[in-house]
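Peer 1:
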Amino acid sequence: MKKNEGHEQTGIKPLIPDRKVGIIGYGAYVPRYRLPGTEVARIWTDGTSGSPVKEKAVAGLDEDVATMSIEAARNALARAGIAANELRAVWVGSESHPYAVKPTGTIVAEAIGAVPSIQAADFQFACKAGTEAIVAAIALVGSNMADYAMGIGMDIAQGRPGDSLEYTASSGGAAYILGPAEKSLAEIEAVYSYVTDTPDFWRRQEQKYPEHGQRFTGEPAYFKHITEAGKALMDALKMKPEDFAYGVFHQPNTKFPQRAGSLLGFKPEQTAVGLLSPVIGNTYAGASIIGLTAILDQAKPGERILLVSYGSGAGSDAFVIKVTEAITERQKLATLTADYIQRRTEIDYATYARYRGKLAMK
Amino acid sequence: MEIPRHWRLKQQRYALVGEVCPHCDAKIFPPRDVCPECGGEAREAYNFSGKGEVYSFTRMGEGPAGFEEQAPYTVALVKLAEGPVVTAQLTDLGDTKVEIGMPVEMVTRRIRQDGDERGMIVYGYKFRPVMQG
Amino acid sequence: MSGGDMSDIVITGVGQVPVREHWDVSLRQLAARAILAAIHDAGEQKPQALYISNVLGSLLSRQANLGALLTCDCGMGGIEGTTIEAAGASGGAALRTAYLALRSGQVDCAMVVGVEKITDVVGPGVDKAIAETLDTDYEGMLGVTPTAMAALLMQRYMHEYECGHASFADHPLAASIHAVGNPNALYRKALSREEYEKSRPVCDPLNLHDIAAYADGAAALILTRSELVSKDFKSIPVRVSGSAVVTDRLSLHDRPDPLAFNAAGISISQACRQAGILPGDVDILELDDAFSIYPVLSVEAAGYAKRGEGTTWMKATVASGKPALASMGGMKARGNPLAAAGVYQAVEAVLQLRGEAGDCQVKGAKKALIQCLGSASATAAAHVLEITQKS
């Protein structure tokens, strides 16, 4: 990589640490239960409306962002082959932390054995809280303050019963361990974030379900931020869509990431592997990075990946990632994303309502 | 609120951390500082693999206070690969038919909350059908 | 331990209240009724010490310090009074404590009262309280109850010995038939085999009829040394000829062989050895049948039956009536007032040995072996009671 002088015309400088950083280990988690879109349609539209996804993953009664993060973190540690106490940060991005005050990160760190010499905090930036945590981890390692840091994006996504979000709002996510590039299974070549104040989706303090701007969430929000971030990073690095084996973009449904890929010049075969929303739904903070775990599960050394997240409110983090030789031996060291997706038990709307606390118990 | 009690047990509950006896190498869970095999003092921490098999099981139709909203649920005696047996709930069963001898693995889950929804969440070990051999 | 030249410890008074849901009677009233009945039965003999067996007072009635409460309420203020707790074995443990106090010579007349007030609380809080007899950190806190523990044992038993649920029917059926004649029993309706087998599943493989219902109850005993029995005593003293309390590891998961009810077996052999009899010599065998798997495992542990043959033994023994099992309904049909259950066993055995058991009378009964268990044989109390000749 050349010296980071930024793009000639735009002057945009990507984030590139002095010390090269890469992904040392990664782990996915998808809960067992699936709610088909037809079930939501059956309850709310007499079955007349189509669903933006085939089905979505639903967490069980005893799961939350902490428990799901713990499993993803254990998978990441298994692939990294490092001791948990070598981590210097456990940062969890989510919009469904089990506590309003009390970090999920401490629970995860304790469970995986990473305490006490760590940073731990929870990140919130709608659906890009996970990639924001990963950027922070890159900075911690890239600055030489730490050798290893973990960033997690995980959600039990909320959608108001009957709202269009209910078809897609799902549960799952992924954990990443960042460390020195020479020990990595994939090097992070550069990062660029594009952030504005765009109120397309929010959830006020104390509210159970989010509000959203319907069609306003599209052009000025999702598409604008993803394409600006992705294009700027490719331009700055003088890269083209053809330089990438894979692209993966925040996936709130099936069509948005397909169109975003197309706007950035990616072909459907480049985005197919990371496109999981049709079968697991929108895992919010986990959505783009669990697409990446599916890609890493089958990537080959030398392949490049463009990942662009999107978080409402709004912003996108774009990553250029280059797979290293180490990938091959580490893929099988933990449960594959596809194994989680294949493990499925279909449930009906009533069971879903019970599992996700939508029945009034008091 | 029983905060100290839950806090004290967190490593055992979250990660199945037991003890190993320095005298006879027996793996001990729950940890108890005295080896049940040889009676010697045992305080060295030991991380169990979390792998095991169902020794016996039952499906509880009703739960005691604190577990009403989880019922029905399955509890089991799980024989760990390292030897000890633990009592725990089984989870993620879906349509799996539980049988004695079924291989299971530990996961960390919500056990209950301390009091009502304002109380702390108690996390701990449960077991599910194995995903990876 | 047998102390050949020592005087005998005898039971000279018994009292009980019917096992019921006593909505309108408090813990203290229950105990007082049993205590006064026992004092009256003993010919107005007053004790110097009161040993109370109770588990749930603090949890359900929010009442501790029962010694001071109950002695004063019964007009015995000032005497020694303490609570003995060993879960379902509390009744036997309190009897043992009274036995030791009398043996020591420090006490000349002791009273045991077993009292349990279940119905001060309704709903799942009752199950939670009873679950505190398990290991709270490693069992109770995970949502496990004693019922679930019994189900785990039965499931494993059925797996190891390849038997079906129906093979556990005999003890509960016999208990239900015997309770018809017992006015103090909770359920006085004989069950059919079909009713047993088709009952509602509760905790697989346990169904409703594998479980003794918890209910309120109180039962009391007056004990003294034989040489202190008044010449005017009108009834027949019953001798406590064997007494033992044994513990095992509290949790099933800590036992090398959970189906081996070691404490149950050892306590029976100790009590019988002290009495100078064999377990098979008794006319009445009152086992802990809080769950139908318990008596099966107990008879195997005590050597009545080989491992895996407990259900077969049970069937044959119910048919022969020798010894008589659950002669007044057992916990299954008399009802299970947890800490009081073991004292009810003693009261019923005394009535049988005196020939005062009414419609439940086992003809010519001379020796009884009673056993109660705390959790799944984590604590076991066994006593041998024998009829004496009236002096």
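Protein chains in written order, with the numbering used here: chain D, 1 to 362; chain A, 1001 to 1133; chain L, 2001 to 2391.
Glycine is no exception: its CB is placed at the ideal position from the N, C-alpha and C atoms.
Bear in mind the structure is a predicted one, so any value in this text is a computation, not a measurement.
(1) Around the Cβ of aspartate 2289 (chain L), are there at least 16 other Cβ atoms within 10 angstroms (buried) or fewer (exposed)?
(2) Just checking glycine 37 (chain D) against the ligand ATP - is the residue's beta carbon closer than 7 Å to any of the ligand's heavy atoms?
(3) Does the beta-carbon distance from alanine 287 (chain D) to histidine 250 (chain D) come in below 8 Å?
(4) Just list the alpha helix (DSSP H) runs in the stretch 279-360 of chain D, keeping only unbroken ones of 4 residues or longer that don't cross its boundaries, in chain order.
(5) Give the DSSP-derived three-state secondary structure of proline 2392 (chain L) in the structure shown.
(6) Would you mind working out which of L:Pro2237, L:Leu2142 and L:Leu2027 sits nearest glutamine 1070 (chain A), comparing C-alpha positions?
(7) Alpha carbon to alpha carbon, how far is alanine 2319 (chain L) from alanine 2333 (chain L)?
(8) Does DSSP classify lysine 1079 (chain A) as helix, strand or coil?
(9) Does any residue of chain D have a CB that is nearer than 8 Å to the CB of phenylalanine 1127 (chain A)?
(10) Mind pulling the chain A residues with CB within less than 7 Å of valine 2144 (chain L)?
(11) Taking the beta strand (DSSP E) that glutamate 2386 (chain L) falls in, what are its first and last residues?
(12) Output, in chain order, the set of chain A residues within a Cβ distance shorter than 9 Å of leucine 2152 (chain L).
(13) From alanine 397 (chain D) to alanine 169 (chain D), what distance separates their C-alpha atoms?
(14) On the DSSP bridge assignment, give the partners of arginine 88 (chain D) in chain order.
(15) Compile a chain-ordered list of the residues in the stretch 1085-1117 of chain A whose CB is closer than 7 Å to at least one CB of chain D.
(16) Taking any Cβ of chain A, which residues in the stretch 108-128 of chain D have a Cβ under 7 Å from it, in chain order?
(17) Is there contact between the stretch 2304-2318 of chain L and the stretch 2362-2374 of chain L, where contact requires at least three CB pairs shorter than 8 Å?
(18) What does glycine 60 (chain D) reach in chain A if we use C-beta pairs closer than 7 Å?
(19) Give every residue of the same chain whose Cβ lies closer than 6 Å to the Cβ of alanine 318 (chain D), excluding the five residues on either side of it in the sequence, and list them in chain order.
(20) Would you say glutamate 2139 (chain L) lies against chain A (beta-carbon separation less than 8 Å)?
(21) By how many angstroms is the C-alpha of glycine 2265 (chain L) removed from the C-alpha of alanine 72 (chain D)?
(22) What does a CB cutoff of less than 8 Å around valine 58 (chain D) pick up in its chain, not counting 5 residues either side in sequence?
(23) Answer yes if the stretch 1047-1058 of chain A comes into contact with the stretch 2144-2156 of chain L, meaning at least three C-beta pairs across the two stretches below 8 Å, and no otherwise.
(24) Could you compute how far the alpha carbon of valine 92 (chain D) sits from the alpha carbon of glycine 60 (chain D)?
(25) Would you say alanine 2148 (chain L) faces chain A, with C-beta separation under 8 Å as the test?
(26) Bridge partners of glycine 1018 (chain A), per DSSP?
(27) Using the C-alpha atoms, what's the distance from proline 103 (chain D) back to leucine 359 (chain D)?
(28) List, from N- to C-terminal side, the alpha helix (DSSP H) runs of 4 residues or more that fit wholly inside the stretch 2012-2046 of chain L.
(29) Check distances from the C-beta atoms of the stretch 21-43 of chain D to those of chain A and list, in chain order, the residues that come in under 7 Å.
(30) Quick check: the Cα distance between arginine 88 (chain D) and alanine 2341 (chain L), rounded to an integer number of angstroms?
(31) So which of D:Cys127, D:Ala149, D:Asp64 and D:Asn85 has the shortest CA-CA distance to threonine 1108 (chain A)?
(32) Return helix, strand or coil for lysine 2231 (chain L), following the three-state DSSP convention.
(33) Whole-angstrom Cβ separation of tyrosine 176 (chain D) and glycine 142 (chain D), contact assumed at under 8 Å?
(34) Taking contact to mean at least 3 C-beta pairs separated by less than 8 Å, is the stretch 2073-2082 of chain L in contact with the stretch 2027-2035 of chain L?
(35) Going by DSSP, what residue range makes up the alpha helix (DSSP H) through arginine 2103 (chain L)?
(36) Going along the stretch 1063-1074 of chain A in order, which residues come within less than 8 Å of chain L, judged by CB to CB distance?
Peer 2: Reading from the atomic positions:
(1) buried
(2) As presented, the structure is devoid of all ligands, the ligand ATP included, so that no description of it is given.
(3) yes
(4) 287-296, 327-330, 337-342 and 349-355
(5) This structure cannot settle anything about residue 2392 (chain L), because the visible part of chain L is limited to 2001 through 2391.
(6) L:Leu2142
(7) 19 Å
(8) strand
(9) no
(10) Val1075 and Thr1087
(11) 2379-2387
(12) Tyr1055, Ser1056, Phe1057, Thr1058, Val1075, Ala1076, Leu1077 and Thr1087
(13) This structure gives no information on residue 397 (chain D), because the portion of chain D shown stretches from 1 to 362.
(14) According to DSSP, arginine 88 (chain D) bridges with nothing at all.
(15) Thr1091, Asp1092, Gly1094, Asp1095, Val1107, Thr1108, Arg1109 and Arg1110
(16) Glu110, Ala111 and Gly113
(17) no
(18) Thr1091 and Asp1092
(19) Tyr192, Ala229, Gly230, Leu233 and Val308
(20) yes
(21) 48 Å
(22) Pro31, Tyr33, Arg34, Leu35, Ser170, Ser171, Ile347, Tyr352, Tyr355 and Arg356
(23) yes
(24) 20 Å
(25) yes
(26) A:Tyr1046
(27) 27 Å
(28) 2027-2041
(29) Arg32
(30) 58 Å
(31) D:Asp64
(32) coil
(33) The pair is not a contact, with the Cβ atoms about 14 Å apart (cut-off 8 Å).
(34) yes
(35) 2090-2104
(36) Gly1063, Pro1064, Ala1065, Gly1066, Phe1067, Glu1068, Gln1070 and Tyr1073
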